[in-house]
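A.B. asks:
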Amino acid sequence: MTEMLKEKAPEGRPSKQGLENTNREICTTDGSATTASRKGKMTTISSLSETQNFHHIDWDALATLAAEPRRSKAHTPEAAKKSSPLIAAHNGRSRTKTEAEQAMFGLLRADMDDAKGQNHRTIANALLEQGLESFIIYSTLSHTPEAPRYRVFVELAEPVQFEVWTNLQFELAEVLGSDPCVNRPAQFMILPVTIKATEGDYKHKVSRGDALREGAPFWLNAAERAKREQAKAADTVKLYTAAKPAQFNERLTGNQVSIIDLVNRSYEWPELLDFYGYERKGRNSWMAPESSSGTAGVHILKSSTDGKERIFSHHTSDPAGGRLCDKFDLIAIREFDGDQVRALAEIAKEHFPEAHKHNRREWATIKRNEQIAAVVAELSQEDAQ
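Read in order, the letters of the sequence shown correspond to residues 4 to 388 in the working numbering.
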């Protein structure tokens, strides 16, 4: 949780090397020169620390990069990651979740950080079995033959809106068993890059078949999966949105600030659930890390009484299961064994020091005023006698 509450500081200066000219000449599979003609364009940034300058790249240029990856001058994968260009799945000029969700998405992606027993060819076969014919697979900076890691991009024939993209993304994650973090709309992924120490292990595969279109079997399967997950979430909503949560009493006095409210406002549910290992299975469906069922049983519910969002977990193995939990509740359960008093004290002191100091001053002032009032009352009684 400490890492969640601390805002990440930019690392290093932005690299000037970007992908500014996406309408450049590239080589087709037959070797002839042509101007990139694919419709979808995706946003790129020059490095992890870049937040202002955005460029775009199209599918053909991306395929060329996979075949001819950028060579970084860095000596380690960690250093190269800080200065390497990255790509989003959308065309928006922003790194925020809200603005990303308003953009159009031109590709699907998968993060294969645990690809032991697989390689670029077996991953390609898995995609082809699903009817996906236009894709790019390349190994990452951290890839080794002993611990293979790959990135996968799947081309969309036409850019799609966020809701459609989300359904397709979850289907791809299920097919490949990939890291669900790439389902976050604002996530950027490092473009193909090598360093001297790893270039000999670099692998890639580009398939130039038909891009994924609406109505394709994969598309229909994704829609059907989303429909099932939404039905499960709807059933949970009907049962529990009117339920009254067991609210922990902070016992605030005077002008004290609610630490619980501060905690609940500091997170988005998706990032908090991801932080604690919940695996996202749909737009509003997660699976607890303790569950072995493979079925999503955690849903976000908006209360019909106070309008706040809480989760309900059906997983009996989930320590947060069987009850409505706000974000503070989940943190208390996951990090403090459900001891909300200790959670409140430690979180206030460590993560909200100014609010903690304010509350202590407010408590001291109230106690002092109570003592003065008691003395005045006692003196008044003596005078009356």
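For glycine and all other residues, C-beta sits at the position ideal for the given N, C-alpha and C.
1) Can you give the Cα-Cα distance for F173 and R363, rounded to whole angstroms?
2) Using only the alpha-carbon positions, how far apart do R228 and M45 sit?
3) Just verifying my parser: in three-state terms, what is the DSSP assignment at L89?
4) Can you give me the start and stop residues for the beta strand (DSSP E) that G211 sits inside?
5) Which residue's Cα is closest to the Cα of I139: Q233, A214, R268?
6) Could you tell me if N258 is buried or exposed, where buried requires 16 or more neighbouring beta carbons within 10 angstroms of its beta carbon?
7) Jot down the residue ranges of each uninterrupted alpha helix (DSSP H) in the region 93 to 171, minimum 4 residues, whole runs only, in chain order.
8) What's the C-alpha gap between A189 and Y279?
9) Where L327 and E158 are concerned, what is the direct C-alpha to C-alpha distance, given to the nearest angstrom?
10) According to the neighbour-count rule (16 or more other Cβ atoms, all chains shown, within 10 Å of its Cβ), is G297 buried or exposed?
11) Measuring straight from C-alpha to C-alpha, what distance separates E365 and Q374?
12) For the beta strand (DSSP E) containing L304, list its first residue and its last residue.
13) I believe Y141 touches A69 by the beta-carbon criterion, under 8 Å. Please report the beta-carbon distance rounded to the nearest angstrom.
14) Identify the continuous alpha helix (DSSP H) that holds F315 and give its terminal residues.
15) Alpha carbons only, please: which of A234, Y205, A64, N224 is nearest the one belonging to V167?
16) Buried or exposed for P356, going by 16 or more other Cβ atoms inside 10 Å?
17) Leaving aside the five residues before and after D116 along the sequence, list all residues of the same chain whose C-beta is less than 6 Å from its C-beta, in chain order.
18) Just mark V196 as buried or exposed, buried being the case when its beta carbon has 16 or more other beta carbons within 10 Å.
19) State the Cα-Cα distance for the pair G325 and R231, rounded to the nearest angstrom.
20) Residues in its own chain within less than 8 Å of Q164 by CB, not counting five upstream and five downstream?
21) Would DSSP call H78 helix, strand or coil?
22) Please report the Cβ distance between P220 and G134, rounded to the nearest whole angstrom; I am assuming they are in contact, meaning their Cβ atoms lie under 8 Å.
23) What is the residue span of the beta strand (DSSP E) that D61 lies within?
24) In terms of DSSP beta bridges, what is V178 paired with?
25) Can you tell which of K84, V301, L171, S87 has the C-alpha that lies nearest to the C-alpha of L333?
26) So is P148 buried or exposed if we call it buried at 16+ other beta carbons inside 10 Å?
27) Taking the alpha carbon of S261 as the reference point, which residue from A82, T47, I193, H359 has its own alpha carbon closest?
28) Relative to the C-alpha of A236, which residue among D309, L179, I314 is closest?
29) Taking a contact to mean a Cβ-Cβ separation below 8 Å, would you say G43 touches L110 in this structure?
30) Assuming contact is defined by CB atoms lying nearer than 8 Å, are P292 and R283 in contact in what I supplied?
31) Tell me the DSSP secondary structure of I29 in three-state form.
C.D. replies: On the basis of the coordinates in this document:
1) 47 Å
2) 26 Å
3) strand
4) Before going on, a small fix: residue 211 reads as Arg here, not Gly. Its beta strand (DSSP E) spans residues 207 to 211.
5) A214
6) exposed
7) 100 to 104, 123 to 132
8) 20 Å
9) 40 Å
10) exposed
11) 14 Å
12) 301 to 305
13) 5 Å
14) Premise fails: F315 lies in the beta strand (DSSP E), 312 to 316, not in any alpha helix (DSSP H).
15) N224
16) exposed
17) R152, D182
18) buried
19) 21 Å
20) M107, F108
21) coil
22) 5 Å
23) 58 to 61
24) Answer is none; V178 lacks a bridge partner.
25) V301
26) exposed
27) H359
28) I314
29) yes
30) no
31) Note that I29 scores a pLDDT of 28, beneath 50, so its modelled location is shaky and nothing firm can be said.
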